[in-house]
Amino acid sequence: MDRAGKVTKPYEDSETPVFSLLATPDGVYVGVATEGKLLLLRPDEEEVTVPLRFHALVVSRLAADAAGRAYALANVPGAVLMANLQAPRKGVYSSPVLDAERQAAWGQIDWLADIPADASLEVHCRSGNTDNPDDGSWSTWSRPYGSSDRVDMPVARYLQYRLKVASGPGSGSVRVRQVSLTYLPLNQAPVLEFKTPKVGEALRNKVQLSWDATDPDDDAMSTDLYYRAQNENEWKVLATAVNETEHTWDTTKLSAGRYEVKAILSDRRSNPVGWLEDTQVLRHLLVDNEAPLLTARRAVDKEPLGVLGTAVDAASGLVSVAWKLPDDQGNSAIWTAAVPEQNIFAPAMLNFTIPAAQLPKDATAIVVRAIDAAGNYTDVQVSLSGTKSPASEGEAEG
Ligand SMILES: [Ca+2]
Ligand SMILES: [Ca+2]
Numbered sequence: 000m001d002r003a004g005k006v007t008k009p010y011e012d013s014e015t016p017v018f019s020l021l022a023t024p025d026g027v028y029v030g031v032a033t034e035g036k037l038l039l040l041r042p043d044e045e046e047v048t049v050p051l052r053f054h055a056l057v058v059s060r061l062a063a064d065a066a067g068r069a070y071a072l073a074n075v076p077g078a079v080l081m082a083n084l085q086a087p088r089k090g091v092y093s094s095p096v097l098d099a100e101r102q103a104a105w106g107q108i109d110w111l112a113d114i115p116a117d118a119s120l121e122v123h124c125r126s127g128n129t130d131n132p133d134d135g136s137w138s139t140w141s142r143p144y145g146s147s148d149r150v151d152m153p154v155a156r157y158l159q160y161r162l163k164v165a166s167g168p169g170s171g172s173v174r175v176r177q178v179s180l181t182y183l184p185l186n187q188a189p190v191l192e193f194k195t196p197k198v199g200e201a202l203r204n205k206v207q208l209s210w211d212a213t214d215p216d217d218d219a220m221s222t223d224l225y226y227r228a229q230n231e232n233e234w235k236v237l238a239t240a241v242n243e244t245e246h247t248w249d250t251t252k253l254s255a256g257r258y259e260v261k262a263i264l265s266d267r268r269s270n271p272v273g274w275l276e277d278t279q280v281l282r283h284l285l286v287d288n289e290a291p292l293l294t295a296r297r298a299v300d301k302e303p304l305g306v307l308g309t310a311v312d313a314a315s316g317l318v319s320v321a322w323k324l325p326d327d328q329g330n331s332a333i334w335t336a337a338v339p340e341q342n343i344f345a346p347a348m349l350n351f352t353i354p355a356a357q358l359p360k361d362a363t364a365i366v367v368r369a370i371d372a373a374g375n376y377t378d379v380q381v382s383l384s385g386t387k388s389p390a391s392e393g394e395a396e397g
């Protein structure tokens, strides 16, 4: 109550009874039950401070001596304790673990504090990459920092600060009103890994490019794609800002040969400043949209009679020559391998025979197919009736 009779309520706690009061020049000390709390109320301040704490005790009496020092009496079964309220006071406050959500360079620490004469405040920091600062992996506590000091902590995701306060006899309490820290989250580079096609693969038509894109920060990413013939210096743009992890590469207009595809994965969608990239080049891609050249004829001058032929594919090479009966002569789905003269994978030229013993006796024609490594093929129909059948033009599939 002030001199004008106005009543204010500086403290209220409906669950904790007040056991004792003591008015001093410092303020009014309040002894409460159940937690052994001792509060100090100052008329000009809203905060309730706790200069001393007796755990599990009841502060039942408060008294001041002739020198103006205040004493607290606390009861426990079979014991009486007494404390000098004006003894030097120390305290430590540890902040919650602060989470920058990713690796961060910690910058500057600032605080606002009331530090009476004869009192002190020390601020320390420590950093680590787990959310438990006591698991042994964190840095040790730093040197004491001043306000606006640069925090020279190791780069880390988490940080904790600690306030050590001390006040001398008779001095007021240290009050820390605000602590702020600046930090710069560190960007980490994304990683690209091609899935398809494989290095050295022979390709035709529309090629599915696909890749895995990962970012340690879970950033949004996009990919720029380029290609060039292996003997060229300049990259050509295939596609830019692809947000998916696949893209169709139309090779149909490219001349046959070896190509390279370059992918540049960037996390700039999430990091307009300081984005990072990963560049990967897929080499030795063999583009071939040309069907093999194929000639085949009935061997009239050899016994036993069969079929002879030659297949040529300079770009990706031949992987198979086979024959079957034409569609109108049954068994149309079954292909039988011709006998190659040499047994080399994907040669540019292949001579082959189809022995007469393999041919059905009543067959009047067969279809011969040559397939290259990219999957292009050419069909030629060979007549087995009559004495001679010139090679017919092939049907190319591209
Ligand atoms: Ca990133
Ligand atoms: Ca070819």
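Residue 183 in numbering that gives the first Met the number 0 sits at position 184 of the sequence shown, with consecutive numbering throughout.
All C-beta atoms, glycine included, are put in the ideal place defined by N, C-alpha and C.
Bridge partners - residue i, DSSP secondary structure assignment
i: Ala-223; result: Looking at the sequence provided, one finds Asp at residue 223 rather than Ala. Answer by DSSP bridge pairing, in chain order: Ile-263.
i: Val-367; result: Trp-322 and Val-379
i: His-123; result: Arg-161
i: Lys-89; result: Ala-165
i: Asp-277; result: Leu-264
i: Met-0; result: Partner(s): none; Met-0 has no beta bridge.
i: Arg-257; result: Leu-285
i: Glu-398; result: An answer regarding residue 398 cannot be provided, because it is not within the stretch 0 to 397 covered by the chain.
i: Arg-297; result: Val-306
i: Trp-137; result: Per DSSP, none; premise fails for Trp-137.
i: Phe-351; result: Gly-308 and Pro-339
i: Trp-110; result: Val-178
i: Ser-19; result: Gly-30
i: Val-6; result: Partner(s): none; Val-6 has no beta bridge.
i: Val-58; result: Ala-73
i: Leu-98; result: A small fix is needed here, since residue 98 is Asp in this sequence, not Leu. DSSP output for Asp-98 lists Tyr-157 as bridge partner(s).
i: Trp-105; result: Tyr-182
i: Val-236; result: Tyr-225
i: Ala-403; result: Beyond the ends of the chain as shown, which are 0 and 397, falls residue 403; an answer cannot be given.
i: Leu-292; result: Val-311
i: Leu-317; result: Asp-371
7 Å CB neighbourhood of residue i in its chain, flanking five on each side removed
i: Pro-153; result: Ser-126 and Ser-138
i: Ala-313; result: Ala-347
i: Leu-383; result: Arg-297, Leu-358, Ala-362, Thr-363, Ala-364 and Ile-365
i: Ser-19; result: Gly-30, Val-58, Ser-59, Arg-60 and Leu-61
i: Ser-388; result: Any reading at Ser-388 must be qualified, since the residue scores a pLDDT of 42, below 50, and its modelled position is unreliable; no value is offered.
i: Val-190; result: Thr-213 and Asp-277
i: Ala-321; result: Trp-334, Thr-335, Ala-336, Ala-337 and Arg-368
i: Met-405; result: Limits of the chain in this structure are 0 at one end and 397 at the other, which puts residue 405 out of reach.
i: Ser-391; result: Only weak support exists for where Ser-391 lies, its pLDDT of 45 falling under 50; the value from the coordinates is given anyway. Contacts found: Val-379 and Gln-380.
i: Arg-282; result: Val-198 and Glu-259
i: Val-311; result: Pro-291, Leu-292, Ala-347 and Met-348
Residues near residue i in its chain [Cβ-Cβ closer than 6 Å; skip 5 each side]
i: Tyr-182; result: Ala-99, Ala-103, Trp-105 and Gly-106
i: Lys-89; result: Ala-165
i: Ala-238; result: Leu-224 and His-246
i: Glu-276; result: Ile-263 and Ser-265
i: Val-150; result: Trp-105, Ile-108 and Cys-124
i: Ala-155; result: Ser-126, Gly-127 and Asn-128
i: Trp-274; result: Ser-265, Asp-266 and Arg-267
i: Met-119; result: Residue identity check: residue 119 is Ser in the sequence provided, not Met. Excluding residues within five positions, the ones whose Cβ falls inside 6 Å are Ala-165.
i: Leu-208; result: His-246 and Trp-248
i: Ser-94; result: Gln-159 and Tyr-160
i: Ser-146; result: Asp-109 and Trp-110
i: Ser-141; result: His-123 and Cys-124
i: Thr-309; result: Thr-294 and Asn-350
i: Leu-97; result: Leu-158
i: Ala-112; result: Leu-120 and Val-175
i: Glu-394; result: With a pLDDT of 49 at Glu-394, under the threshold of 50, the predicted position of this residue should be treated as unreliable, and no value is reported.
Residue-level contact to chain B via CB, residue i, 8 Å cutoff
i: Ala-336; result: Within the model displayed, chain B is absent; a lone protein chain is all it includes.
Chain-order list of residues whose beta-carbon lies under 8 Å from that of residue i (same chain, five-residue window excluded)
i: Pro-115; result: Ser-166, Ser-170, Gly-171, Ser-172 and Val-173
i: Val-236; result: Asp-223, Leu-224 and Tyr-225
i: Asp-12; result: Val-31
i: Val-241; result: Ser-221, Thr-222, Asp-223 and Leu-224
i: Trp-234; result: Tyr-225, Tyr-226, Arg-227 and Lys-261
i: Gln-187; result: Arg-101, Gln-102, Asp-214, Pro-215, Asp-216 and Leu-275
i: Gly-4; result: none
In the region 143 to 212, which residue ranges form an unbroken beta strand (DSSP E) of at least 3 residues, counting only runs that do not cross its ends? 155 to 166, 174 to 184 and 190 to 195
Should the region 313 to 327 be regarded as contacting the region 358 to 378, the criterion being three or more beta carbon pairs within less than 8 Å? yes
Report yes or no: do three or more beta-carbon pairs, one from the region 333 to 340 and one from the region 348 to 365, lie closer than 8 Å? yes
Spell out a yes or no on whether the region 263 to 271 and the region 216 to 225 are touching, meaning 3 or more CB-CB pairs, one atom from each, closer than 8 Å. yes
I want to know whether the region 130 to 147 touches the region 194 to 214 - three or more CB-CB distances under 8 Å. no
Counting pairs of beta carbons, one from the region 237 to 257 and one from the region 291 to 300, are three or more of them closer than 8 Å? no
Contact between the region 228 to 237 and the region 175 to 193: three or more CB pairs below 8 Å? no
Residues around ligand 1, please: the condition is that the C-beta lies closer than 7 Å to some non-hydrogen atom of it. Asn-186, Gln-187, Ala-188, Pro-189, Asp-214, Pro-215, Asp-216, Asp-218, Asp-266, Ser-269, Asn-270 and Leu-275
Can you pull every residue whose C-beta falls closer than 7 Å to some heavy atom of ligand 2, listed in chain order? Ala-255, Asp-287, Glu-289, Ala-290, Pro-291, Asp-312, Ala-314, Ser-315, Asp-371, Ala-373 and Asn-375
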